[in-house]
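Residue numbers (my numbering): 1 to 799.
Heads up, the thing below is written out as structure tokens.
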């Protein structure tokens, strides 16, 4: 599994592979559309030593898995820079929280700059259009207005009469003076607000590629150069029978409207990262630390492991730790999605970023920096939002050929109008070609999938679901069978001893049987063993340390306690050591019929007794399984417990099938058998004992609680121990995939419909042409609409 390092590079060691791979996340600047993303990704993927490369347009980064023996992170950065885009190595020792804060600041700064340039450009475009009215009204060369351009036709009908009344002096200004004023205004807008398009288009040309900037730069640049030529040498055009028309206002408005679209897109993209920002803002900047009997506020980065931290009512807990004194209730909703506060007292664990409500706490810091729960959640969420869904490959393939195809269509459009359209002049052909260039925008395709992934993973995190990116979301949608582990998943996972039954022939007392069993179980981490130890401790028994101990997977534990050979486990363990359980078979059957688990205890080769343990069903499990059924899912319970106990629990919660009495490897085989029946399986377990089965299933879903988060074990982690999260995750995946398909459909449909209209296919039918200005507005709207559609996922009902 991937392990985050402080320097921003992640080592990814796979036991199944022969070499050691590393993964680095490189910030990339200058990307504006899907073509940019696709070009950088193809370049990195083709580099020697690179196993996998994922470039994210939304997060402006590249995640590269590479062989450090072949290429270094610095080499990858240089490779990105060689494509004409900016790149830099991650900042050394920068935490994920600090990195996210920096990303948020950069995004806000970009939005503010875009907004300022957009509105100045639009204002300049309006001024240019008003100033151009005298020129358009006097034009006799069959310009755009005579071609039934809806925008220009409207402006002439609505604005020209009003302008003649309000500013008659404007119509007395010479044509040449107006042209030169518009020329100066265009130079200012192109050189300041539109500079980014031309610089990036030139860089793309140098690298023999093309992107959205190429289309905008060609369209507006051609309009400007044609107008500039008419301004500087009007006599030349008149001598050749062409009116010296200028289209400065179109070029300025195109730049303005494209920037408006970028601004709206940037603002909407900022909203997609809202969940991450909220998580980062949870962590306080300082902590009140008790050192040598003195309290002092210290920066968070100065906290040391084992420092004693004081938290008052209403304050956020600075970092993870263990309570040593005090009692309070803590609001953990931002991390777990659990609305009810959690009571905390001595020896309980607290999570950094959660809100202390009514009591004061003193706790010892245990996990700092990248180890903290909050930092792990932020890291995993950043990785998830930067991941790719398989459906993205369709958009990538289209983007790779999209811009060159549009350039070819623009040339064809110019030629068709110039040589085959009766009565159409060079300017009319030119305007149609510019409109094709401007309306064709690959941005919407590049944003269609990443925006949905970002919003969905953020929505999931707010609900207490950590989903590992687009691939997990896409696989979740196809799930038709959910396999649930019993202990800790359906049941509370905190069993309690209900009674101790002695064998008729036993020479030991109940306390003696319990103390021997508990002493042996002290070395075990099994929930049933913990119940035995807890019960013995509560009864005031003294537990000795076992001289020998061995855990037998799926059977129990064996060892030596105070010189006595002891066994505690299931029937298989007793049979394997030739211990007869016949004297207590009826008592065991009665316990099993009640859904309780009998633990057999043998001392010195003889049956000493039986400890009955009960694990109660979680209050939420029954309703959660009903929700899974309403989603049309087949629910299976998979457990190592005995058949009778498993079926009692199964009847209580309403699962469809039961597979009981299986070892960990048997769980893998059970998952495989379901898959052989052409079922798509999601396995839900605790993330540790069920790891092989989680890996075998199409989707592994782990249950995590508070600070003990097994977040690396599965594709989805439920931050609260509630099976309703499984139904919520599946509902979220289905909603997300629906939005992704909508986004891709409309991004493609927009171009399939818009480009032919821009080329003029409707002109022979109804005399309608689309102006470059309206085309730029449509282009801006397409990207904004895709992002806005994805934002609907933030309101998706998951309860």
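Quick reminder that beta carbons are idealized off the backbone N, C-alpha and C, glycines included.
Taking 8 Å as the cut-off, decide whether the C-beta atoms of residue i and residue j are in contact.
i           : j           : result
residue 635 : residue 655 : yes
residue 768 : residue 774 : no
residue 346 : residue 330 : no
residue 245 : residue 427 : yes
residue 788 : residue 612 : no
residue 303 : residue 368 : yes
residue 205 : residue 446 : no
residue 220 : residue 182 : no
residue 733 : residue 473 : yes
residue 286 : residue 320 : no
residue 261 : residue 121 : no
residue 214 : residue 759 : no
residue 549 : residue 559 : yes
residue 603 : residue 629 : no
residue 89  : residue 77  : yes
residue 479 : residue 633 : yes
Mind checking which residues open and close the alpha helix (DSSP H) that includes residue i?
i           : result
residue 753 : 724 to 759
residue 804 : A query on residue 804 cannot be resolved here, the shown segment of the chain reaching from 1 to 799 and no further.
residue 225 : 212 to 232
residue 175 : 175 to 192
residue 515 : 510 to 521
residue 292 : Segment: none, residue 292 is in no alpha helix (DSSP H) and carries neither H nor E.
residue 649 : 643 to 653
residue 682 : Element bounds for residue 682: not the alpha helix (DSSP H) but the beta strand (DSSP E), 681 to 685.
residue 765 : 763 to 766
Please work out which residues of its chain come closer than 8 Å, Cβ to Cβ, to residue i, disregarding the five sequence neighbours upstream and downstream, and give them in chain order.
i           : result
residue 592 : 598, 642, 644, 645 and 648
residue 595 : 614, 645, 648, 649 and 652
residue 539 : 511 and 514
Could you work out which residue in the options is closest to residue i when comparing CA atoms only?
i           : options               : result
residue 471 : 405, 323, 699 and 431 : 699
residue 158 : 133, 67 and 362       : 133
residue 350 : 323, 71 and 371       : 323
residue 464 : 490, 395 and 701      : 701
residue 623 : 26, 208, 296 and 799  : 799
residue 570 : 559, 564, 583 and 588 : 588
residue 391 : 740, 524 and 479      : 740
residue 203 : 169, 294 and 83       : 83
residue 356 : 394, 309, 370 and 389 : 309
residue 370 : 305, 341, 415 and 332 : 305
residue 54  : 396, 100, 98 and 726  : 396
Apart from the five residues on each side of it in sequence, which residues of its chain come closer than 7 Å, Cβ to Cβ, to residue i?
i           : result
residue 488 : 527, 686 and 703
residue 326 : 359, 360, 361 and 362
residue 544 : 519, 561 and 562
residue 79  : 43, 44 and 47
residue 16  : Low local confidence applies: a pLDDT of 33 at residue 16 is under 50, so the model's placement there is unreliable, with the coordinate-based value given in what follows. Taken in chain order, the list of residues that qualify is empty.
residue 68  : 22
residue 754 : 439 and 778
residue 660 : 639, 641, 642, 643 and 646
residue 148 : At residue 148, the pLDDT of 47 sits below 50, so the modelled position is not reliable and the matter cannot be decided from this model.
residue 671 : 483, 681, 683, 693, 696 and 697
residue 146 : Since pLDDT at residue 146 reaches only 45, below the 50 mark, its modelled position is unreliable, and the value read off the structure follows with that caveat. Within the same chain, residue 146 has no close Cβ partners at all.
residue 808 : The question about residue 808 has no answer, for the chain in this structure spans 1 to 799.
Along the beta strand (DSSP E) that carries residue i, what are the first and last residues, could you check?
i           : result
residue 75  : No beta strand (DSSP E) holds residue 75; the alpha helix (DSSP H) holding it covers 73 to 82.
residue 692 : From DSSP, residue 692 is part of no beta strand (DSSP E) but of the alpha helix (DSSP H) over 691 to 696.
residue 361 : 361 to 367
residue 428 : Here residue 428 belongs to no beta strand (DSSP E); instead the alpha helix (DSSP H) covers 426 to 439.
residue 627 : Unbroken run through residue 627 is the alpha helix (DSSP H), 621 to 630; no beta strand (DSSP E).
residue 703 : 699 to 703
residue 345 : Taken as a continuous stretch (DSSP letters only), residue 345 belongs to no beta strand (DSSP E), as it is neither H nor E.
residue 636 : 634 to 638
residue 323 : 320 to 326
residue 50  : 50 to 56
residue 208 : Element bounds for residue 208: n/a, residue is neither H nor E.
residue 309 : 308 to 311
Counting only beta-carbon atoms, is residue i nearer than 8 Å to chain B?
i           : result
residue 215 : Looking at the structure shown, chain B is missing, and only one protein chain is on hand.
Less than 6 Å between C-beta atoms, sequence neighbours within five positions excluded: which residues of the same chain meet that for residue i?
i           : result
residue 279 : 378
residue 794 : 455 and 459
residue 297 : 286 and 288
Give, in chain order, every unbroken run of the alpha helix (DSSP H) that is at least 4 residues long and sits entirely within the region 457 to 485. 469 to 477
Unbroken stretches of the beta strand (DSSP E), 3 residues or longer, contained in the region 535 to 605: As far as the region 535 to 605 is concerned, its whole beta strand (DSSP E) runs of at least 3 residues are 548 to 552, 556 to 561, 564 to 569 and 597 to 603.
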